[in-house]
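Worksheet for the structure shown next.
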Amino acid sequence: MTKAVNTSRAKDSAPTILSLIGISFATSFAATDVQAQSLSDNGWSYTIAPYAFGAGLSGSVAANERLPTAEVDLSFAEILENLDMAGMILLNAQNGRWGITGDLQYIRLKSESKKLRPLYDTATVAVTNKIFSVYGEYKLTQSSQAELWGVFGARYWNVENDIGFSSGRLPKASANVENSWTDPVLGLRGRYNFDDRTYLTGWAYAGGFGVGSDSMADVFAAVGYQFTSTTAGVLGYRFVSVDRRDGDFIYDVEMDGLMAGLSFSF
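Numbering-wise, the sequence shown is residues -30 to -1, 1 to 236 according to mature numbering (1 follows the signal peptide of the UniProt record, and there is no 0).
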């Protein structure tokens, strides 16, 4: 679904809020270890994991066919400078071999590009992502040191591109477009224990398949540490890509960077 509204100028973004960045980082990795923290194979166990994904963002963004495509290329440090707001949380429930996970992400950031000179002096891009994923999981195999889960589900995206072009040889212009879609997702998630406290964890998901986006990928690998029987910490690297094209709307981007946080099981 696409909703477009032309405006006379790009919307201004609020300055970066350091407290929100701190919240974002305190929550960052928990998505990795969520299902691995099963307290018992008999009955339900639950995990709550606020997390943050400290990623760079690069790719192509468009909102109107009458205006050029804007290129976005932000490093992680630049993301911190241009972040307006971020919040992420993951919930998981397990019972024996079966599990279910919900993952909610909200992030808004702003970028500027001068690659369109001399036609336009500056392109300002504000991107708002609202992402909700629901996965079912089945434990394929488990030993004293390792376990492997099959993952199947869907990821819902709501993305708003707000693009403004300051005057150059052409007069200033702007456009706003919002697009929503749902991607089917398939993948694997695993964990390998080095000892009672230290472990490797990660996942590899693929999605889209032309149903929502043309393609989507989500890969994560991390080292975890079990502080107590109910609390763990994870630090790792995550790569996410998505390619969605729908009429005037283009969102073809890659996000990659550190993910870190805490998970709490009960």
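Where a beta carbon is used, it is the ideal one built from N, C-alpha and C, also for glycine. As the structure is a prediction and not an experimental result, all values here were calculated from the model.
I'd like to know whether the C-beta atoms of residue i and residue j end up nearer to each other than 8 Å.
i           : j      : result
residue 259 : Ala22  : Only positions -30 to 236 of the chain appear in the structure, and residue 259 is not among them; the question remains open.
Asp188      : Tyr207 : no
Gly177      : Asp153 : yes
Leu79       : Ile59  : no
Leu158      : Leu118 : yes
Ser28       : Glu148 : no
Trp68       : Tyr108 : yes
Ser185      : Asp226 : no
Ser81       : Val42  : yes
Arg125      : Val97  : no
Ile133      : Gly106 : no
Ile220      : Thr92  : no
Taking all protein chains shown into account, decide if residue i is buried (16 or more other Cβ within 10 angstroms of its Cβ) or exposed.
i           : result
Val181      : exposed
Gln115      : exposed
Asp222      : buried
Trp20       : In the sequence as displayed, the identity of residue 20 is Pro instead of Trp. The residue is buried, with at least 16 neighbouring Cβ atoms inside 10 Å.
Leu232      : buried
Phe135      : buried
Tyr195      : exposed
residue 238 : For the chain, the structure presents residues -30 to 236; residue 238 sits outside this window and is missing.
Leu110      : exposed
Arg36       : exposed
Arg167      : exposed
Gly24       : buried
What's the C-alpha gap between residue i and residue j?
i      : j      : result
Leu205 : Gly72  : 20 Å
Ala143 : Glu130 : 17 Å
Arg66  : Ala145 : According to the sequence displayed, residue 66 carries Gly and not Arg. Those two C-alpha atoms are separated by around 50 Å.
Ser211 : Ser45  : 15 Å
Trp127 : Asn163 : 34 Å
Val151 : Ser183 : The question names Val, but residue 151 in the sequence shown is Trp. Roughly 7 Å separates the two Cα atoms.
Asp218 : Ala32  : 7 Å
Gly203 : Leu61  : 16 Å
Ile77  : Gly138 : 30 Å
Phe209 : Met229 : 10 Å
Phe190 : Asn34  : 33 Å
Gly26  : Asn99  : 14 Å
Gly13  : Gln64  : 8 Å
Ala192 : Gly160 : 11 Å
Would you identify the three-state DSSP class for residue i, choosing helix, strand or coil?
i        : result
Ala47    : helix
Ile220   : strand
Arg139   : coil
Gly206   : strand
Thr39    : coil
Val(-26) : A caution first: Val(-26) carries a pLDDT of 39, below 50, which makes its placement in the model unreliable, though a value can still be read off. Strand at Val(-26).
Leu89    : coil
Arg67    : coil
Met229   : strand
Asp166   : coil
Ala32    : strand
Thr17    : strand
Asp184   : coil
Ser10    : Residue placement at Ser10 is flagged as unreliable, the pLDDT there being 46, under the threshold of 50; a coordinate-derived value is accordingly withheld.
Thr198   : coil
Gln75    : strand
Gln115   : coil
Since residue i and residue j are thought to touch, with beta carbons under 8 Å apart, how far apart are those beta carbons, to the nearest angstrom?
i      : j      : result
Thr17  : Phe234 : 7 Å
Gly123 : Val104 : 5 Å
Thr200 : Phe236 : 6 Å
Tell me whether residue i counts as near the ligand MN, meaning its Cβ is closer than 7 Å to at least one heavy atom of that ligand.
i     : result
Asp73 : The model depicted lacks the ligand MN and carries no ligand whatsoever.
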